[in-house]
Amino acid sequence: MTAAELHYEKMTKTPVSKLILKLGLPTTVSMLITSVYNMADTYFLGTLNESAQAATGILFALQSIIQGFSFMLGHGSGSYVAKALADRDAKTASTYVSTAFFSGALLGTIFLTLGLSFLTPLMNLLGSTRTILPYAKDYGMWVLIACPFMICSLILNNNLRYEGKAFYAMFGLLTGGILNIFGDYYLVRVVGLGVYGAGLATAASQFISFLILLFFYYKKAQSTILPRYIARNFKIYLSICKVGFPSLIRQGLTALSGSLLNNLAKPFKDAAIDAMAVVSRYSMFVMCVGLGLGQGFQPVAAFNYEAREYLRVKKGLLFTCCFSFVFIALMSAVSIMLDREIISLMQSDPKVIEIGAVALRYAAVGLLFMPLSIPINMLYQSIQRAGTASILSTLRSGALLIPTLLISVPLLGLTGIQIAQPLSDILTGIICIPFIIHFWREKPTT
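Spelled out as structure tokens, the structure:
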């Protein structure tokens, strides 16, 4: 059998739960490592002072914007790559991934140039206070320098997953993540470069991850990334952006709401911004299983839906929701029982611990509803129902969170900041239930 035939056989005949775990677990591990090294930045900067640590919360919004465009190009092209490979058309797959890759490199260079040109106003816009600003600029400069490599790495990572090569996608991010953790320790603690060193470690790890992922793509992927495959047809760019648009919405609204939260938290001083940054990093760590399995489910859904194996797609959705819920429920229970201990691992300031422990308890409840929203959102995106996926993408970090922040903070003060995201998570999960039921009952005719 040819490589294309073997890939088709694997994607349509392997038991769905086994296939999702095989593709999802490497993604989950890589996301956990990414989350761990984000928390490593938070931890090492927390040993300096609360303003330095709060800078990671300011830069979280910028990183979300960068990731939003990366995921738009990566998920958008990856969905078409999976479709093309299901049709055994490697040339079309190469067109989509090459177009996304070189578009991402250009976009990253534009972000780098504009970001460095307007660094101070950008950090202020994202919610820096006067005391946080110097640290945010030191860290943000390196995030912007790494931007082209970060975008291209995530495009490569996502397309490797859609080709069923999740292990290689994991290895690239895993290596960069581990190097970032050791880089943080050496540059922040040993050399004493502080926030500047943490940013430098992040940039260096992104560059190394990019090189590793690019090597694996040329060695292991069925499609090829070359300039000659860049699309001349505007419709291909439009189709990539259309399918990937829900990812941009999801991450873009995360950036917008994160910046809004930081600005609303300013009256409560750096301790509030710092505490919410710590809780956000930890919550992302817990969410990684839901997100990781969801991304493992994406290529399974895209490939099998194109192959008209609709029952496999439905079984995959059910498995992903249930498996994610079990893990997140266990982690939420731990978070509630050890709230103060978890926050104190990353910050010793009593005020930060007090604010963060309460916020973490609320966050743990909200996380229980994530397995209802993440998989169905990724499903509709993977089967190219961009309209529905885009609507669902607006809920958690935008259509629900932003009004919640604007209402709850004036009414409840600091408590409003602590409960806004969990309340949005709960409402998002409830709203997604009818979409899950609808898809399960659906009988496709094409």
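Its first residue numbered 566, the sequence shown is counted upward by one per residue in my numbering.
Backbone N, C-alpha and C define an ideal beta-carbon position, used for all residues, glycine too.
Annotation for residue 924: 840, 841, 844 and 983 place their beta carbon closer than 7 angstroms to its own, counting only its chain and skipping 5 residues before and after.
Exposed is the label assigned to residue 952, since fewer than 16 other Cβ atoms lie within 10 Å of its Cβ. Fewer than three pairs of CB atoms, one per stretch, sit closer than 8 angstroms, so the region 570-583 makes no contact with the region 708-726.
The residue among 733, 823 and 895 with its C-alpha nearest the C-alpha of residue 587 is 733.
Of the candidates 677, 814, 772 and 683, the residue whose Cα lies closest to the Cα of residue 637 is 814.
Listed in chain order, the non-local C-beta contacts of residue 677 below 8 angstroms within the same chain comprise 709, 710, 712 and 713, local neighbours out to five positions each way being set aside. By the C-beta density criterion, residue 598 is buried, having at least 16 other C-beta atoms within 10 angstroms. In the three-state reduction of the DSSP assignment, residue 848 falls in the helix class.
In the structure shown, residue 821 falls within a helical segment according to DSSP collapsed to helix, strand and coil. A direct Cα-to-Cα measurement between residue 980 and residue 974 gives close to 7 angstroms. As summarised for the region 586-670, the continuous alpha helix (DSSP H) elements at least 4 residues long and confined to that stretch are 615-651, given in chain order. Along the region 723-805, the alpha helix (DSSP H) occurs as fully enclosed runs of 4 or more residues at 731-749 and 759-785, listed in sequence order. Looking only at 628, 875 and 905, the smallest Cα-Cα distance to residue 1008 is reached by 875.
In this structure, residue 716 and residue 762 do not form a Cβ contact; the two beta carbons are roughly 23 angstroms apart against a cut-off of 8 angstroms.
A distance of 8 angstroms or more separates the beta carbons of residue 928 and residue 942. In the three-state scheme derived from DSSP, where H, G and I count as helix and E and B as strand, residue 815 is classed as helix. Boundaries of the alpha helix (DSSP H) harbouring residue 968: 966-977, taken from the DSSP string. For residue 685, the enclosing alpha helix (DSSP H) starts and ends at 684-690. Under the three-state reduction of DSSP, residue 946 is assigned to helix.
The beta carbon of residue 720 is closer than 8 angstroms to those of 635, 638, 639, 642, 662, 665, 666 and 669 in its chain, skipping five residues each way along the sequence.
No Cβ-Cβ contact shorter than 8 angstroms links residue 579 with residue 857. Closest by C-alpha distance to residue 870, out of 950, 771 and 629, is 950. A straight-line Cα-Cα distance of about 20 angstroms links residue 859 and residue 1006. Taking the Cα of residue 867 as reference, the smallest distance to any Cα among 652, 633, 784 and 629 is reached at 652. Judged by their CB atoms, residue 616 and residue 697 are nearer to each other than the 8 angstroms cut-off. Short of 8 angstroms from the beta carbon of residue 889, and not among the five residues preceding or following it, lie these beta carbons of its own chain, in chain order: 854, 855, 858, 859, 935, 936, 939 and 940. For residue 909, the uninterrupted alpha helix (DSSP H) run begins and ends at 904-909, by DSSP. In the structure shown, residue 570 adopts helical secondary structure according to DSSP, grouped into three states. Considering only 893, 625 and 989, the residue with the shortest C-alpha distance to residue 687 is 625.
Here residue 774 has 718, 737, 738, 740 and 741 as same chain residues with Cβ atoms under 7 angstroms from its own Cβ, once five neighbours each way along the sequence are excluded. In the DSSP assignment, residue 914 falls outside any alpha helix (DSSP H) and carries neither an H nor an E. Per DSSP, residue 958 is one residue of the alpha helix (DSSP H) stretching across 951-958.
Taking 8 angstroms as the upper bound for CB-CB distance, residue 760 and residue 620 are in contact here, some 6 angstroms apart. For residue 701, the uninterrupted alpha helix (DSSP H) segment begins and ends at 698-710.
Rounded to whole angstroms, the separation of the alpha carbons of residue 704 and residue 764 is 5 angstroms.
Here DSSP, grouped into helix, strand and coil, assigns residue 874 to coil.
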